[in-house]
Amino acid sequence: NRTKTMAAFGRHDASQQLGAQELGYLGLAFSTASELSNCACVSSLWAEAAHVNVIWSFLLENDFGIKKSITIDGVHAKTTYIAYKSWHLWHLNLGLCISTCDGQKNQFNKKLSALQYSKLHESWYKINLFYQEKLPRISDTFRPGLNISEWDYFQNGIYEHLKLSIDHQSDDTLYGLQALRILLSIHDGQSRCGPFDGMFGGYSAYNHLVCLKLLDSQSMLTIYKQIDSNFLPIFLFPIAISKIGGNQKIIFINLKTGELRGFSNHFYNVFHKFENGEEDKFSSSSNQLIEWFECFSNRLTQQVYGINQIIPNRDQSIGLSLFPLNNMINDEACVSSSKSTYGFLTRAVTFGIEAIASVIYLPELSQWTYCLSLRLLPPSHEDYMCVEERGFKTCQLRSRHWDIEDHHGKHQHVNGEGVIGQYPMLSEEGYRVDEQTREPGILDKGDWVTDGTSFQYASCSGQCEPGGSFGGDLTFVSGCLDEPSGSRGSFEVKVQRFSLDIPRISF
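Sequential numbering of the sequence shown, starting at 383, is according to this note's numbering.
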């Protein structure tokens, strides 16, 4: 072992910075980090040689894969010895050690990547910061990480269900379990969650409502043991769930491979496969949990997602909405790509009426849901048109026309009255939602909303092939449907096309 380690060190760039005398001293005992630390007790000369930065820089990279002198918290350490000690203590706190008493590498630890921890720690930091600033009630649901005894209890529960002996456990093949160990060492999921407190956010369309929360370890085990193994492969382990009313969505991790799978009405991949043989940069399924968190935290940082009503026009449903607020998600790889570059969010202004459309792919339904926001722009907006210019003081939606283009360029046209049975009326001060009653042509008039928000509604695209686009026009009437007024009469408001693409990763 000493010969192999010295040979590896000799090939490392760090060795070129040491003199022959220092290398000679270190060569006598340079086998493991613990032996090197023991050398420091021999004499002041050995202590000086044993604490040379470049030596610990080599060990930090050799044992943990860390190339920078940083601690587990991502802070730059004064010396690489301090950085190494930080990572060494991290491994001890996980209930693992660098090597066994006979110098053999521990197989579980060997696969447990410190680089994965670094990424996951950074992702959790971003997520915590976002919710502490935007919606503290969600960050308050995050549980502290598991200690060694809590992890042992959790792990034993899994092995018991898998019917694996602790003495014959196959840790070196359970990549998913190793990823869970890293995850749960930082935060043990969420507790005391309301229906819209899921940290991964949600969406709604018609009666399909989702808000995904990260399960705590005890809930993971409970659900895992309740699921019929005849229905579900035994290595699929639940980590996140949404259960509101009759809707249920669960995210599983494969304990063996680390691959993430989702289930609602059917199983689906959380990481969608590329078409046309394109290279998959997430080819390692063992990293999917870490990459999932990394992608989610980046979208929060880039303000792709924001705090909003998960059910449109319902204040009690405030949470993280997954309808995108910008097109930063376009920079991520998509497994399908439309011939145009419309994006997942589009905007158009017609006669002072702003129409913003955003879209989410729903793998559990194999279709898209879109959210449309409408408002009559106020005088403070740069695209404002005064009453004389636009030709009306108020206006009301009468009908819709959608043009759905598939990836072959074929068009399907859909026409209908209102939107999901609603006929919004817009003014500079706000909006009013009139709804269709059971009697044809008779509307139930709603109350005016003047809190500065836009009218929103969500619907689904229907069954479409990926790679197409969706857009159209809304027909409005000047004044209102009952009493038309103004010079504009009946007019069309453009809804800019948006892409029906599949993003690389779904939530």
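We put the CB at the ideal spot given by N, CA and C, even for glycine. Fair warning: this is a prediction, and the values are worked out from it, not measured in the lab.
Could you spell out the range, first to last residue, of the alpha helix (DSSP H) harbouring residue i?
i, result
"E771", "V769 to R772"
"L565", "Y557 to I568"
"L441", "N435 to F446"
"T683", "Q670 to T683"
"T577", "In the sequence under discussion, the amino acid at residue 577 is Pro, which differs from the Thr named in the question. No alpha helix (DSSP H) holds P577; DSSP gives it neither H nor E."
"I887", "Segment: none, I887 is in no alpha helix (DSSP H) and carries neither H nor E."
Taking all protein chains shown into account, decide if residue i is buried (16 or more other Cβ within 10 angstroms of its Cβ) or exposed.
i, result
"C768", "exposed"
"G628", "exposed"
"E787", "buried"
"L497", "exposed"
"K638", "buried"
"I824", "exposed"
"H514", "It should be noted that the sequence gives Gln, not His, for residue 514. With fewer than 16 Cβ atoms within 10 Å of its Cβ, Q514 is classed as exposed."
"G580", "buried"
"T819", "exposed"
"E746", "buried"
"Q838", "buried"
"T728", "buried"
"D816", "buried"
"I437", "buried"
"P885", "buried"
"V875", "buried"
"S439", "buried"
"V877", "buried"
"I738", "buried"
"H795", "exposed"
"P822", "exposed"
Hey, quick one: how far does the beta strand (DSSP E) through residue i stretch, first residue to last?
i, result
"I738", "I735 to L744"
"Y354", "Residue 354 is absent from the model: the chain starts at 383 and stops at 889."
"S624", "L618 to I626"
"P806", "Q804 to S809"
"R757", "Q749 to L758"
"G868", "G868 -> no beta strand (DSSP E), and no H or E assigned at all."
"Q691", "G688 to Q691"
Across which residues does DSSP place residue i in a beta bridge pair?
i, result
"R643", "F634 and N651"
"S699", "For S699, which the question treats as bridged, DSSP gives no partner whatsoever."
"S586", "L591"
"V877", "G854"
"F705", "Its beta-bridge partners do not exist; DSSP assigns none."
"Q778", "M807 and V859"
"L596", "A622"
"Q514", "In the DSSP output, where bridge partners are listed per residue, Q514 has none listed."
"Q794", "I786"
"G812", "S809"
Check residue i in the structure and name its three-state DSSP category.
i, result
"E817", "strand"
"E799", "strand"
"I824", "coil"
"R729", "strand"
"D785", "strand"
"H763", "coil"
"D553", "Model confidence at D553 stands at a pLDDT of 47, short of 50, so the residue's coordinates are unreliable; what they give is reported in the following sentence. Correct three-state label for D553: coil."
"I452", "strand"
"S860", "strand"
"G527", "coil"
"Q498", "helix"
"G834", "coil"
"G849", "coil"
"H503", "helix"
"H473", "helix"
"L882", "strand"
Using a Cβ-Cβ cutoff of less than 6 Å, which residues in the same chain neighbour residue i once the five nearest sequence positions on both sides are dropped?
i, result
"G773", "G868, S869 and R870"
"V731", "D765"
"V652", "L642, G644 and S888"
"L559", "L637"
"F664", "At F664 the pLDDT is 46, less than 50, meaning the model places this residue with poor confidence and gives no usable figure here."
"E341", "Absent from the model: residue 341. The displayed extent of the chain is 383 to 889, so no value can be given."
Compute every distance between the C-beta of residue i and the non-hydrogen atoms of the ligand PLP, then say whether any falls below 7 Å.
i, result
"S679", "Absence of the ligand PLP is noted for the structure shown, with no ligands found whatsoever."
Between residue i and chain B, is any beta-carbon pair separated by less than 8 Å?
i, result
"L744", "The question asks about chain B, but that chain is absent: this structure has only one protein chain."
Within its chain, find whatever has a CB closer than 8 Å to the CB of residue i; leave out the 5 residues flanking it on each side and keep chain order.
i, result
"L528", "F536, L566, S567, D570 and S599"
"L544", "I616, F617 and L637"
"I448", "L442, A465, W469, A496, L497 and S500"
"D549", "A caution first: D549 carries a pLDDT of 48, below 50, which makes its placement in the model unreliable, though a value can still be read off. Excluding residues within five positions, none has a Cβ falling inside 8 Å."
"G861", "F774, K775, T776, C777, Q778, S867 and G868"
"G734", "L758, L759, D765, Y766, M767, E771 and R772"
"W750", "V741, I742, Y743, L744, C842, S843, C846, F852 and L882"
Looking only at its chain, what residues have a beta carbon closer than 7 Å to the beta carbon of residue i, apart from the 5 residues adjacent to it on each side?
i, result
"V592", "G584, Y585, S624, N629 and K631"
"T523", "Q572, S573, R574, C575 and D579"
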